[in-house]
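Here the structure comes first, spelled out in structure tokens, and everything after it is commentary.
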Amino acid sequence: MKINLLVNGALTLADAAPGLLALDWLREHRRLCGTKEGCKEGDCGACAIMLATSEPDGGVRVRPVTSCLVPFGELHGRGLITIEGLNVPGELNPAQRAMVEEGGAQCGFCTPGFIVSLCWYILYSTDPEPSLAGFRDAISGNLCRCTGYGSIFRAAERVVARFAAGGDLEGVWQAPDRVAALVERGAFPAWLAELPQRLTELRVGLEPAKPRSSEAGAPPIAIAGGTDLYVQRGEELPHVSVQMLNHRPSWSYIEVDEERVRIGGVTTFQDFAEHPEIQRMLPSILDTMELIASLPIRHRATLAGNLINASPIGDMTAYLLALGAQITLVDPQGQRREMPLEDLYLGYKTLDKRAEELVGQIAFPVVGADDHVAFEKVSKRRCLDIATVNAAVRVRLSSDGHTVQAARLAVGGVAPIPLLLREASAVMVGRRLDPNLLHQVLQAADGEVAPISDVRGSAAYKRLLARQLLLSALTDLFPRQLPLDEALGLVAPAGAAIGGRP
Amino acid sequence: MSRRHYDAVDHVRGTSQYIDDVPPPVGTLYATVVGSPQAKGSIRAIETAEARALPGVHAILRARDIPGQNQIGALLPDEELLASTEVAYIGHPVAVVVAESQELARRAAALVQVQVDPEPPIVDPREAFERGELIAPARTFACGDIDQGFSKADVVLRGTCEIAGQEHLYLETQRARAVPQEGGAIRVASSTQSPYAVQKAVARVLGLPNHRVEVDVRRLGGGFGGKEDQATAWACVAALAAHQLDRPVQIVLHRLEDLQMTGKRHPYSADYEIGLSSDGTILAYRAVLYQNSGARADLSTAVLERSLFHATNAYRVPNVQVTAACCRTNLQPHTAFRGFGGPQGMFVIEAALAHASDHLGIPRHVIQRRNLIREGDVTPYGQPMVRARGERCFDELAEAFDLEGMVSSVKAHNDQRGPTRRGLAVMPICFGISFTKTFLNQAGALLHVYGDGSVGLSTGGVEMGQGVNSKLRDIASQALGIRGERVRLESTNTTRVANMSPSAASATTDLNGNATLEAVRQVRGRLLALAAERLGAEVSRVDLIDEVVTLDGSPTDWSWTRLVSEAYFARVDLSAHGFYATPDLNFDTNTETGNPFAYHVWGASVFVAEVDVRRGTYTFEPICVVHDLGRSINPVVDIGQIEGGLAQGIGWMTLEELAYDDQGRLLSRALSTYKAPDGDFMPEVRARLIEDDNPGMPYGSKAVGEPPLMYGIGAYFALREAVRAFNPTARLPFHAPMTPERVLMGLYETEDPEDR
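Protein sequences appear in the order of chains Y and X.
Just so we're aligned, residue 192 is where the first sequence starts under my numbering, counting upward by one.
Just so we're aligned, residue 303 is where the second sequence starts under my numbering, counting upward by one.
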């Protein structure tokens, strides 16, 4: 496929297989070798780059991504920023300088990825002011095996100090055009200030990229975020016909009316979590996202992709099951089918969906004041890991807070499919919310789960964890109705040190 | 002294070059290794026709294509480069596919069918031990009278430990590039900690003398022991293919291949028996360590030796008997990993002390403090302890970080009976510095001063992030009396420094730094002699300080560059080779006694873990450390080693779980299933340094690479305490790592399953 893109600001005409990884294209075709291959599954961040796109509103958006999960074909009409594009001749940019001063680089292999992530935050974060917490989130997808991270955090603190009162970059963060202000101070290379202009120029009269016809006949593989597809079939995708769903901006939207929230299928996790209406309805969504995926993955992974991947431990799948999502499948002829999300899953990775159908829309009832939503996930590592078991609950209480009016409980990792706990949910409805009910819910749930032992944990552990996560979600949501001591009393072993049982 | 990392500017700009970042020579081919699909068995056939038929595939090489010896074993000759008839683990290399691109080579490799007549594999070291599958005879370190020790004890406790291995997870996977040279010679760029080991192995495999094999190492993207011996095979594969095809050949392992095919930290199974008086004084300690060595010797026998050396950690134990055996199993050949067997040996006695604490009702840290090694104590291997710092580190830790206050606040927290419980553990360390194979304690350095006053330094030290280049630059520039920027560290190359020891055992700066000092001494002596002559003074009156020659302490108008230029025209030799061998080392493996170590590194740390009693997840409070560092040459590098070592140690004890099935198949074979600490997980480290002189080492410095890793063992015991604060009856067998699964199962474990 022949495409036009910007590489560190330079207009570039390139020709490669659409399914080729941006990482491989950068290293092998362009010999931009500052971008490193560490894992090729989005789990280490050594290949971090930034991806600049023109938005429908005419603006430019720059996202941090892992180049090991971005298809070459998607780059048509877009801009890439690699580590090489962040170098100031004869100088170090603020992230680089701080990392040198604090010894944040040891073997150096992960370092360009960290620098890209740190620079993305400095250049493009929408935080009102820089913070260590913001930097920590920005490097949530970067692994380092040498430093133990202490020196990297100290480097981040140095950068924060430069933007703070009395620092040499005071006021720059809040400048109307922060990138231009940083460039003006010599902190970043000049071309970055021209990126929006150059991207606009690139897109004037841009024709859609023409795929090669060589694989005609075979139905194309649809790629949206690619965050799981490339992990599963990464070696295969450069050699087959692919369809770039991310070139359909009309499929990325969030609309909220009085009854329903409607979301386009290729909406990313990050766009979902950042939407003001979503944040209003689901106040813990940003904390939840921290558990679900690293920042660069959140900027790529799509809601529909998570559902279609059909992993029993899909985090957003459990979440959307609990929210009561309906999905709309669309085929190439425009035929639409709507169904409750739970009806999509027939068996392990088996869906009620034809190959040519795509998830066009996901919708769920608006979350009102009496609705209480929680998400729980335990994995080996809290962040940047796949769930061992996850759970999500949506419970509506009567206005006096005593009676359950509606409940949807979902768990992942304990069945061949993402599991809506129909019985445990049904047990709750119309009942007084108290420890006795919790006990019955946990018992019902225990009867519905059927975990297997695998690399993420033994069946016994997953069964126990499913119970504990439901208990955690409900006791955190309803501390008044379900006091912690009483809830633990239902499940703790004899002799455990819990309140009231010395 | 310096506050920078030598390579830092290139690292942050992305301009540091690793092997495959260097533009490949025209005509470079790419190799991939085909591994065995079975853990044990004989090769019946290798079907290659389908792979060969792919356009762009140049060759598929097998054992029979090796021109020299098919043998790469470093300590014992038991490891073929390519399995000829028998395979011994899943991923055991059997063939090499060479093609026009890496991607094509991998695609072709997937088409190669390796047919194996399978046999039941052994994955458990105790089973291997019972079947006599030992790589070398078991060894025993002993002192005192073990039976008498136990007979005097008030309590004798026995137990077992299961300690899992650990993946190195260097971010740069294994890789090498080989380029044929004239006259049948070959040049290999390898990501290895042991250039000489690679040189010897390539020479053996190709049937060449060592001098026809040049090995060059610019830097490693992390090593941690995983490239001490395990880099050799991949360098040999590239060299074999390059030699046979007369083309440059590169091999870069995919992460999944690296995880599947390369060896890891050794898992250990162990039995212990400890005898104490009722006040917690250790009287006798007996242990049997079953090392899961994997399928081939690799460095296992040396790793085992260090487990024996450190089996009593920082404690004085009058009567000891520790036996250890390398048990051959059908896993990857396990190998060096930061700590090199020491951590496993230490874990077992720390578990025994936890057991003793449970039984005696004495806090574990009180027992630990009571039994620390004192000045003049003799180790079970017969080395008298001099400059012992165990008690000092422990007491400074207790005082500086208010250990008793921490203990009370943990108790107060737990008494609140909220949603979390805390546990505290102290972890003292004592780690011997020197290669335990005495002959390896040697190093060479080649120093060139160029006519413009710039300096090039080559040593046997390999830069892998541990900062050896930073320290060597600091050592050389300080000793010469010039600015650090004048000194460039050259790549590590077998044509400039011969017969080099691996960069390992934390001793790289000690050895290569002292060799550098010797080279500097020679050149500086010649320069000062010339300066004295030109100034018409005795040599003893001249010096070179801050780039200026001084006479009787006062600056002269002879700058460094003027002096060097003058020396060149005066035909003074501006190059020197320095050599160093650590003095006074000896060890007798017949009696298992001697002075194997130049000195010991000491330290103490305290961990407070917090466990979520509903979810079984956990976090740690800032980790407090008092570490014995000697005089720091480069504090930025040293703090980085302490923090980084700790992170690996904590990871080993908590998240990092290597899961195998009973057929020896690695299940956690990707970064999506093998989890090392990330920034969110890693607690803050608060380190205080004990800085005093370490005689005989460069500028009084001490080695720093490995010892901090062993602090991480404290994480395990802090978690154990926290779980028991919730569920006092939890049995919690001594199985490491303490994953969230083990924690949750411990929190809700009932003695009688009916109780639940």
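Ideal Cβ positions, reconstructed from N, Cα and C, are used throughout, including at glycine.
- Item | Contacting residues, own chain, Cβ-Cβ under 8 Å from residue 197 of chain Y (five flanking each side not counted) | 203, 243, 269, 270, 271, 386, 389, 390 and 393
- Check whether the Cβ of residue 406 of chain Y lies closer than 8 Å to any Cβ atom in chain X. Any reading at residue 406 of chain Y must be qualified, since the residue scores a pLDDT of 48, below 50, and its modelled position is unreliable; the value itself is stated next. So no, residue 406 of chain Y is outside the interface.
- Query: In chain X, which residues lie less than 7 Å from residue 560 of chain Y when you measure between Cβ atoms?
  - Reply: The premise fails here: residue 560 of chain Y is roughly 26 Å from chain X at the closest Cβ pair, so nothing lies under 7 Å.
- Span of the alpha helix (DSSP H) around residue 507 of chain Y: 506-514
- beta-carbon residue 841 of chain X near the ligand GDP non-hydrogen atom, thresh 7 Å: Questions concerning the ligand GDP fall outside what the structure shown contains, since it holds no ligand whatsoever.
- Item | Segment contact flag, the segment 698-718 of chain X with the segment 780-792 of chain X, C-beta cutoff 8 Å, min 3 pairs | no
- For the candidate residues X:1015, X:825, X:325 and X:735, whose alpha-carbon lies nearest to that of residue 932 of chain X? X:735
- Kindly indicate which three-state DSSP category residue 938 of chain X falls into: helix, strand or coil? helix
- Item | Residues bridged to residue 454 of chain Y (per DSSP) | Y:445 and Y:553.
- Cβ-Cβ distance between residue 486 of chain Y and residue 332 of chain Y below 8 Å: yes
- Would you grab the beta carbon distance between residue 623 of chain X and residue 444 of chain X for me? Rounded to a whole angstrom, and I think it's under 8 Å. 4 Å
- Query: Residues in its own chain within less than 6 Å of residue 305 of chain X by CB, not counting five upstream and five downstream?
  - Reply: 938
- With 7 Å as the limit, tell me which residues of the segment 1027-1055 of chain X have their beta carbon closer than that to any beta carbon of chain Y; keep them in chain order. 1027, 1028, 1029, 1030, 1031, 1041, 1042, 1043, 1046, 1047, 1050, 1051 and 1052
- Message: For residue 231 of chain Y, which residues in the same chain have their Cβ closer than 7 Å to its Cβ, ignoring the five residues on either side in sequence?
- Response: 259 and 425
- Quick one: what's got a C-beta closer than 6 Å to residue 452 of chain X's C-beta in the same chain, skipping five residues either side? 458, 577 and 586
- Report yes or no: is there a C-beta of chain Y within less than 8 Å of the C-beta of residue 791 of chain X? no
- Message: Counting only C-beta atoms, is residue 1019 of chain X closer than 8 Å to chain Y at any point?
- Response: no
- Cut-off 8 Å between Cβ atoms - residues of its own chain near residue 322 of chain X, not counting five sequence neighbours on either side: 477, 479, 552 and 554
- Neighbourhood of residue 556 of chain X by C-beta distance below 8 Å, restricted to the same chain and skipping five residues each side: 408 and 475
- Going by alpha carbons, who is nearest to residue 507 of chain X out of X:1020, X:417 and X:372? X:372
- Task: Would you list, in sequence order, the uninterrupted alpha helix (DSSP H) runs of no fewer than 4 residues that lie entirely inside the segment 458-542 of chain X?
- Result: Whole alpha helix (DSSP H) segments, 4+ residues: 497-508.
- Item | Counterpart residues of residue 926 of chain X in DSSP-defined beta bridges | Beta-bridge pairing links residue 926 of chain X to X:908 and X:988.
- Query: From the DSSP output, which residues share a beta bridge with residue 593 of chain X?
  - Reply: X:570 and X:628
- Query: Would you say the segment 367-380 of chain Y touches the segment 276-291 of chain Y, given that touching needs at least three Cβ pairs under 8 Å?
  - Reply: yes
- Query: Going by DSSP, which residues form a beta bridge with residue 568 of chain Y?
  - Reply: Y:581
- Residues of chain Y with a CB under 7 Å from the CB of residue 946 of chain X: which are they? 297, 337, 338 and 339
- Is the Cβ of residue 315 of chain X closer than 8 Å to any Cβ of chain Y? yes
- Message: Considering just the uninterrupted stretch of the alpha helix (DSSP H) at residue 611 of chain X, what are its terminal residues?
- Response: 602-611
- Can you tell me where the alpha helix (DSSP H) with residue 715 of chain X in it begins and where it stops? 705-717
- 8 Å Cβ cut-off: residues of chain Y touching residue 1001 of chain X: Correct list: empty, because the minimum Cβ distance to chain Y is about 19 Å.
- Give the DSSP-derived three-state secondary structure of residue 356 of chain X in the structure shown. Note: residue 356 of chain X maps to coil in three-state DSSP.
- Please list, in chain order, all residues of the same chain as residue 479 of chain Y whose beta carbon is under 7 Å from its beta carbon, the five residues on each side excluded. 566
- Query: If we ignore side chains and look at the alpha-carbon of each, how far apart do residue 505 of chain X and residue 640 of chain X end up?
  - Reply: If you take the alpha carbons of residue 505 of chain X and residue 640 of chain X, they lie about 28 Å apart.
- Query: Helix or strand or just coil, what does DSSP make of residue 373 of chain Y?
  - Reply: helix
- Query: Looking only at its own chain, which residues have a Cβ that is under 8 Å from the Cβ of residue 693 of chain Y, when we skip the five neighbours before and after it?
  - Reply: Reliability of the predicted coordinates at residue 693 of chain Y is poor, the pLDDT of 46 falling under 50, and no value is obtained from them.
- Task: Would you verify that the beta carbon of residue 205 of chain Y is, or is not, closer than 8 Å to some beta carbon of chain X?
- Result: no
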